[in-house]
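Chains as they are written, first to last, in the working numbering: chain A, 4 to 215; chain B, 640 to 865.
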Amino acid sequence: MGLNVVVLDPAHGGVDLGARGTEGIRESEVVLQFASQVKRALEAQGFQVILTREGNDNPSFDDRSARANAQRGAVFVTLHISSTGLPGTARTYVMPDFPPSNDISGLIPWDRAQAPFTALSHKLGDLVQTELAKRFKGSPATAQVAPVRQLRTTAAPAIAVEVSSVSVENRTDLDRMIPGVAEAVAQGVAAFRPSYVLPALPGSAPGQGGQP
Amino acid sequence: MNLTWRTWLVIVLIIAVAGAALYFPALRRQVYKAKDITEKTAEQARRELLPPAPVTSGDPKVKAKMYWGSRSQSGQLEPVTVELPLSSDPVLRSKQILNTLLAGPVDPEARTLPPDAAMLAFYLLPDGTAIADFSEALANSIPSGIESEQLAVDSITRTLAANIPQAKQLKILIHGQEVDTLAGHLDLTQPFDVTLEGMSEPRSGVSIITAPIQKAIDKVKDATKR
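Below, the structure written as structure tokens:
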């Protein structure tokens, strides 16, 4: 059994509108449309996709992470639209390395859940970013590192994809990016699939394909 | 009740109504005045109690490096050398440095922090942990997004790293409180390393090109007004 589930997180929602543009563009609404097409592209690659929200609600960071943490063999992708950045570009972010817990019980503490997965997240982030860079000129070639709150509590390979930006003058400029982002995420996750060797027991440290 | 008593009762009532007509407008003015005073926010009160770090003419002028946004590579930081009279005391010096960073560069487009944000307090612990407490404007006025929030934090940590060797890590508070994120993305529950080897450097060395942050700050304000 290998990687077969993708937990897709359209960020913000409810009273949290996220980034807002002067043309009335709201991040919380646009990411739902991105998520819908990314879901279809991932399903076409044979993945089961779980959305953290499908309507205008706002689950907590922990509730969103819990959707991934309850799965075995899942990856987590959170989708964002930025306030800044060259319009028409996209970036992938992964958590910086941080030491795992010294807890002798072997359990992963919730607030450091990402720690054992950072190497895998970097690999997934680079694969997705490579695909984004092919489609969106001006995007960086590899994943960026940033302490994104949503990723910290996620016990799975986890990335944030941020598209620029809500400051576009016309909403259709963002809409035109949706198919490219969807394809890039799906291709990147599919390329990552052989790299992810599931731990023998739930909660134990993950492994990487081709590595001892 | 005879006629005399009725007359007296009417006179007393007229006097009472006339007195109330004079007294209540004065009372209303007093209430409005008191309301204005109590509406002053706790943050304003703190700002008044905590005067900005003094830059005294007695301090020697020192070349300090401030990390503001790059104009040539937007989305990246660029060191700008400024000459400031700086204290030798690391806490006072940190306050002077960060207040200069908040005041912003000559070119407002190179700003990394909202112009209405203020530093309310700064502490430096013996283990090298710096604690900087900023006003709520830092969280409310900054453009929401991973990139913009990281640029803001990196500009603070790098400026401290370049000028305050005693500072090893930085904990950011908002209005005296630990908060989950800066503006919905960047994790503020953990301290940041104070280093010039910034995490935002693309690992491949490729620049990220973004619109100037000042434009985004203005747009946040416009969008909030709607």
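Backbone N, C-alpha and C fix where the C-beta goes; we use that ideal spot for every residue, glycine too.
Counted within 10 angstroms of its Cβ, other Cβ atoms place residue i as buried (16 or more) or exposed
i                      : result
residue 46 of chain A  : exposed
residue 649 of chain B : exposed
residue 145 of chain A : buried
residue 172 of chain A : exposed
residue 817 of chain B : exposed
residue 23 of chain A  : buried
residue 727 of chain B : exposed
residue 785 of chain B : buried
residue 11 of chain A  : buried
residue 37 of chain A  : buried
residue 641 of chain B : exposed
residue 175 of chain A : exposed
residue 112 of chain A : exposed
residue 96 of chain A  : buried
residue 802 of chain B : buried
residue 128 of chain A : buried
residue 41 of chain A  : buried
residue 70 of chain A  : buried
residue 120 of chain A : buried
residue 664 of chain B : exposed
residue 43 of chain A  : exposed
residue 643 of chain B : exposed
residue 844 of chain B : Its pLDDT being 33, under 50, residue 844 of chain B is placed unreliably in this model, and the value from its coordinates should be taken loosely. So residue 844 of chain B ends up on the exposed side.
residue 833 of chain B : buried
residue 850 of chain B : At residue 850 of chain B, the pLDDT of 40 sits below 50, so the modelled position is not reliable and the matter cannot be decided from this model.
residue 109 of chain A : exposed
residue 793 of chain B : buried
residue 744 of chain B : buried
residue 659 of chain B : exposed
residue 148 of chain A : buried
residue 671 of chain B : exposed
residue 712 of chain B : exposed
8 Å Cβ cutoff met for residue i and residue j
i                      : j                      : result
residue 708 of chain B : residue 790 of chain B : yes
residue 740 of chain B : residue 798 of chain B : yes
residue 827 of chain B : residue 835 of chain B : no
residue 87 of chain A  : residue 774 of chain B : no
residue 777 of chain B : residue 752 of chain B : yes
residue 161 of chain A : residue 124 of chain A : yes
residue 169 of chain A : residue 188 of chain A : no
residue 30 of chain A  : residue 84 of chain A  : yes
residue 758 of chain B : residue 734 of chain B : yes
residue 783 of chain B : residue 823 of chain B : yes
residue 135 of chain A : residue 195 of chain A : no
residue 143 of chain A : residue 94 of chain A  : yes
residue 755 of chain B : residue 815 of chain B : no
residue 152 of chain A : residue 819 of chain B : yes
residue 806 of chain B : residue 763 of chain B : yes
residue 710 of chain B : residue 749 of chain B : yes
residue 796 of chain B : residue 761 of chain B : no
residue 13 of chain A  : residue 54 of chain A  : yes
residue 177 of chain A : residue 141 of chain A : no
residue 98 of chain A  : residue 154 of chain A : yes
Cβ-Cβ separation, residue j to residue i (assumed contact under 8 Å), whole Å
i                      : j                      : result
residue 72 of chain A  : residue 17 of chain A  : With 8 Å as the limit, residue 72 of chain A and residue 17 of chain A do not qualify as a contact, their Cβ atoms being about 22 Å apart.
residue 34 of chain A  : residue 192 of chain A : Incorrect: roughly 17 Å between the Cβ atoms, too far for contact.
residue 116 of chain A : residue 157 of chain A : 6 Å
residue 76 of chain A  : residue 167 of chain A : Not quite, the Cβ-Cβ distance comes to about 32 Å (not below 8 Å), so this is no contact.
residue 698 of chain B : residue 725 of chain B : 6 Å
residue 101 of chain A : residue 118 of chain A : 6 Å
residue 150 of chain A : residue 829 of chain B : 7 Å
residue 50 of chain A  : residue 9 of chain A   : 5 Å
Residue i: CB within 7 Å of a non-hydrogen atom of the ligand COA
i                    : result
residue 9 of chain A : Absent from the structure shown: the ligand COA. Ligands present: none.
DSSP bridge partner residues for residue i (one or two, in chain order)
i                      : result
residue 702 of chain B : B:722
residue 94 of chain A  : A:165
residue 761 of chain B : B:771
residue 810 of chain B : B:770
residue 803 of chain B : Paired residue(s): none; residue 803 of chain B is not in a bridge.
residue 172 of chain A : In DSSP, residue 172 of chain A forms no bridge with anything.
residue 652 of chain B : Bridge partners of residue 652 of chain B: none, in fact.
residue 829 of chain B : None; residue 829 of chain B has no bridge partner.
residue 12 of chain A  : A:81
residue 19 of chain A  : A:16
C-beta neighbour in chain E for residue i, strict 8 Å
i                     : result
residue 93 of chain A : The question asks about chain E, but that chain is absent: this structure's protein chains are A and B.
Within 7 Å of chain A by C-beta, residues of the region 778 to 795 of chain B in sequence order: Listed by position, the residues of the region 778 to 795 of chain B near chain A (Cβ gap below 7 Å) are 782, 783, 784, 785, 786, 787, 789.
Chain B contacts made by the region 152 to 184 of chain A, where a contact means CB separation under 9 Å: 152, 153, 154, 155, 163, 165, 167, 168, 169, 170
Residues within the region 804 to 826 of chain B neighbouring chain A, beta-carbon criterion of under 8 Å: 819, 820, 823, 824, 825, 826
Contacting positions in the region 70 to 90 of chain A - beta carbon closer than 7 Å to chain B: 83, 85, 86, 87, 88, 89
Short-range partners of chain B found in the region 20 to 45 of chain A, where Cβ spacing is below 8 Å: 21, 22, 23, 24, 25, 27, 30
Within 7 Å of chain B by C-beta, residues of the region 126 to 152 of chain A in sequence order: 141, 143, 144, 145, 147, 148, 149, 150, 151, 152
Short-range partners of chain A found in the region 652 to 674 of chain B, where Cβ spacing is below 7 Å: Cβ contacts with chain A: none found.
Near-chain B residues of the region 94 to 115 of chain A (beta-carbon distance less than 7 Å), N- to C-terminal order: 94, 96, 99
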